[in-house]
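J.: The structure's right below; bear with me while I get my questions together.
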Amino acid sequence: MARVTINAPMPARLDMTGLRKVLVTRFIVDKELPGVDLDKEIVGLLRKELRKKTNLDILDVEPPPLPEQPLKDLLANNGFWRRLGETHGADLIISGKASFEAADRSGYVTQDEISPVTGQRVRRTRFVDREGFTLDLSLFFLDGATGRLLYEDHFTGENTLPGHGTDRLTVLYTLFEQFEEDVIGIVVPKPKSAQRYIFTE
866 MARVTINAPM PARLDMTGLR KVLVTRFIVD KELPGVDLDK EIVGLLRKEL RKKTNLDILD
926 VEPPPLPEQP LKDLLANNGF WRRLGETHGA DLIISGKASF EAADRSGYVT QDEISPVTGQ
986 RVRRTRFVDR EGFTLDLSLF FLDGATGRLL YEDHFTGENT LPGHGTDRLT VLYTLFEQFE
1046 EDVIGIVVPK PKSAQRYIFT E
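Following the numbering used here from start to finish, the sequence shown increments by one per residue and tops out at 1066.
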């Protein structure tokens, strides 16, 4: 018996039949950090990664502001999304809601250290300066022809870093990378490796 690895693509979570031209439009920003234009950065990241990792036609246009409506009403506003699709020739529209937050996670931690005097392992408690970051991203995929919501998903990235004053944009990109492949897997098949056993003579 021999063990082999096979690669079987997982189908895209959204049926992309007939959906070729994609418009990544504006996002609703719930919370953002000073110095970070979260709407602009998320739109830029999504467009860049979709261009790089799919064969879809990602439209490079400046979309209009979203209507100021509660999220539930906005997603049900088929007329707005349909007009947006018609105006820009988009088969699929991607929008969403984003939040980027920081929190002080400093505190006392217990660590095992080697004493320079005795060479013995000793347990010490010391104060550690840390900052935590969270990126919450809800994505909505809408039909450009009908304005209907086709698919939605939610992603969260978290990281705790030593000290304070870490570059916010660098952190944002790192957090996005945590779920980037899952986002791409919504619109394109994703390779998946699996172990199988075969009988040999």
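Virtual Cβ for every residue (Gly too), placed ideally from N, Cα, C.
#1: Between the region 874-882 and the region 925-942, are three or more C-beta pairs nearer than 8 Å?
#2: Should the region 882-894 be regarded as contacting the region 916-934, the criterion being three or more beta carbon pairs within less than 8 Å?
#3: Kindly give me the distance between the Cβ atoms of E1017 and F1005, rounded to whole angstroms, as I take these residues to be in contact under 8 Å.
#4: Start and end of the alpha helix (DSSP H) containing D1032?
#5: Short check: CB of F892 to CB of G961, under 8 Å?
#6: What residue range does the beta strand (DSSP E) around L890 cover?
#7: If contacts are defined as beta-carbon pairs under 8 Å, then S964 and D994 qualify, I think. What distance do you get, rounded to the angstrom?
#8: With DSSP collapsed to three states, give me the class of G972.
#9: Check for me: the beta strand (DSSP E) holding E996 runs from which residue to which?
#10: Taking its Cβ as the centre, do 16 or more other Cβ atoms sit within 10 Å of V926, making it buried, or is it exposed?
#11: Per DSSP, H1019 forms a beta bridge with which residues?
T.: Let me lay it out:
#1: no
#2: yes
#3: 5 Å
#4: From DSSP, D1032 is part of no alpha helix (DSSP H); its letter is neither H nor E.
#5: yes
#6: According to the sequence provided, residue 890 is Thr. The question's Leu does not apply to it. Its beta strand (DSSP E) spans residues 886-896.
#7: Contact flag wrong, Cβ pair sits at about 24 Å.
#8: strand
#9: 995-1008
#10: exposed
#11: S1003
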